[in-house]
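Residues in the sequence shown are numbered from -9 upward in steps of one, following the numbering used here. The next block holds one structure in the form of structure tokens; read it before the comments.
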Amino acid sequence: MNDFDTNLAETVPCLRGRRAAVRLLVAAICAPATVTLTAQERMAIATAINRTAKFRALSQRMAKAYGQLYLKMLPEQTRKVLQQTVQQVQSGLAELERQNWPGAVARHIADVHASATKLITMAALPADRDGFLAVSRQSDEMLKLANTATEAFEKLTQSSTAQLVNVAGRQRMLSQRVAKNYTLLAAGFDLREARDQMAGDLDLFQASLGQLAEAAVNTAAIRSALEMGQAQFVFFDAAVKRQPDARGLKDVATTSERLLELMDELAQLYETALQSVIG
């Protein structure tokens, strides 16, 4: 994880006059035993964790969609997915950048923005085989930077529930990275790394569902979301274990989108739980 605390000394003096949410957030880091965050402040930081975590999934979803366009798989639907993903990245970055975050965190967001801009530009080009591999690699770079930003925000909360938001958010990414790697294999890239990563991601997804199921903050709504996610994962897992042919691609395209939707709802529920316990 990136160390926010080393930048605190130079950050605090320039915070005067900024939004109260950020000012008190930094104060909470300095003296967590004496400062309690308000509901507005809890909402801001919990939303930031969820939003930066989602960039990880969106990076992989963009690459997956580009690959599906190259393979001419559900082209009309896939173009909508790609367009929606670009819009979500751009709007999510715009929302984050409206806040005056401490310097180290702001730099992480700027890094994500620069990487996302490059990925969006590449994904806008006509889809071809070489372009797919390049887009995939750039999506991994964006994922890495978004993960660093997520962990920086997670450290600000000093709450174990923040980790649950991170883990639930990671489920979105795993669903999309598995689907992207499956599409790479279908495109003829016989990459051992992609195969190994798929297997590891599927195992991690299942293990993370178990980890989340044991969380003390779970509500009836969270338990229901976990059950639906587990049920959808069965279909997704079966789809990606098919040979990467036309039917397999279609099944992976549809089941990965549904799984992403369910895991996004789950992450939102954990975001709400985090807002209620920080401070």
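All C-beta atoms in this analysis are idealised placements derived from N, C-alpha and C, irrespective of residue type, glycine included.
How many angstroms separate the CA atom of R51 from the CA atom of M132?
-> On the sequence shown, position 61 is the one that residue 51 refers to. On the sequence shown, position 142 is the one that residue 132 refers to. Approximately 12 Å, taken between the alpha carbons.
Alpha helix (DSSP H) segment containing N156, residue limits = Translated into the one-based positions of the sequence shown, residue 156 becomes position 166. Segment 150 to 176, the alpha helix (DSSP H) holding N156.
Alpha carbon to alpha carbon, how far is V25 from E204?
-> Position 35 of the sequence shown, counted from the first residue, corresponds to residue 25. Position 214 of the sequence shown, counted from the first residue, corresponds to residue 204. For V25, the predicted model reports a pLDDT of 44, less than 50, meaning its position is unreliable and no value from the coordinates is stated.
On the three-state DSSP scale, how would you describe F226?
-> If you number the sequence shown from 1, residue 226 lands on position 236. DSSP places F226 in helix when its eight states are reduced to three.
Rounded C-alpha distance that separates F143 from V95 | For this step, residue 143 is matched to residue 153 along the sequence shown. For this step, residue 95 is matched to residue 105 along the sequence shown. Each residue's Cα considered, the two are about 7 Å apart.
Determine the direct distance from the alpha carbon of S150 to that of S165, and round the result to whole angstroms.
-> Residue mapping note: residue 165 aligns to position 175 of the sequence shown, counting from 1. Residue mapping note: residue 150 aligns to position 160 of the sequence shown, counting from 1. Using only the alpha carbons, I get a separation of about 24 Å.
Buried or exposed: A23, going by 16 or more other Cβ atoms within 10 Å of its Cβ?
-> Taking the sequence shown and counting its residues from 1, the one referred to as residue 23 is at position 33. Because the pLDDT of A23 is 38, which lies under 50, any placement of that residue in the model is unreliable, and the question is left without a value.
In chain order, what residues of the same chain have a beta carbon less than 6 Å from the beta carbon of R127, not counting five sequence neighbours either side?
-> Numbered from its first residue, the sequence shown carries residue 127 at position 137. Excluding the 5 residues flanking it on each side, R127 has no same chain C-beta neighbour closer than 6 Å.
If you draw a straight line from the C-alpha of M253 to the C-alpha of Q220, how long is it?
-> Taking the first residue of the sequence shown as 1, we reach residue 253 at position 263. Taking the first residue of the sequence shown as 1, we reach residue 220 at position 230. Approximately 10 Å, taken between the alpha carbons.
Beta-carbon contacts of G121 that lie in its chain and below 8 Å, excluding the five residues immediately before and after = Position 131 of the sequence shown holds residue 121. Once the five neighbours on either side are set aside, the close Cβ partners of G121 are Y56, Y60, M112, L115.
Pull up the CB-CB distance for V270 and E261, whole angstroms please, since I reckon it's below 8 Å.
-> Past the edges of the chain, shown from -9 to 269, lies residue 270, and the structure says nothing about it.
How is F143 classed by DSSP in three states: helix, strand or coil?
-> As a working mapping, residue 143 is identified with position 153 in the sequence shown. Of the three classes helix, strand and coil, the one that applies to F143 here is helix, per DSSP.
Between which two residues does the alpha helix (DSSP H) harbouring K108 extend?
-> Position 118 of the sequence shown, counting from 1, holds the residue named residue 108. Here the alpha helix (DSSP H) through K108 covers 93 to 113.
Pairwise C-alpha distance: T42 and A11 = Within the sequence shown, the letter at position 21 stands for residue 11. Within the sequence shown, the letter at position 52 stands for residue 42. The pLDDT assigned to A11 is 45, lower than 50, so where the model puts this residue is not dependable, and the model offers no usable value.
Using three-state DSSP, classify T244 as helix, strand or coil.
-> Here residue 244 refers to the residue found at position 254 when the sequence shown is read from its first residue. Looking at T244 - three-state DSSP - the assignment turns out to be helix.
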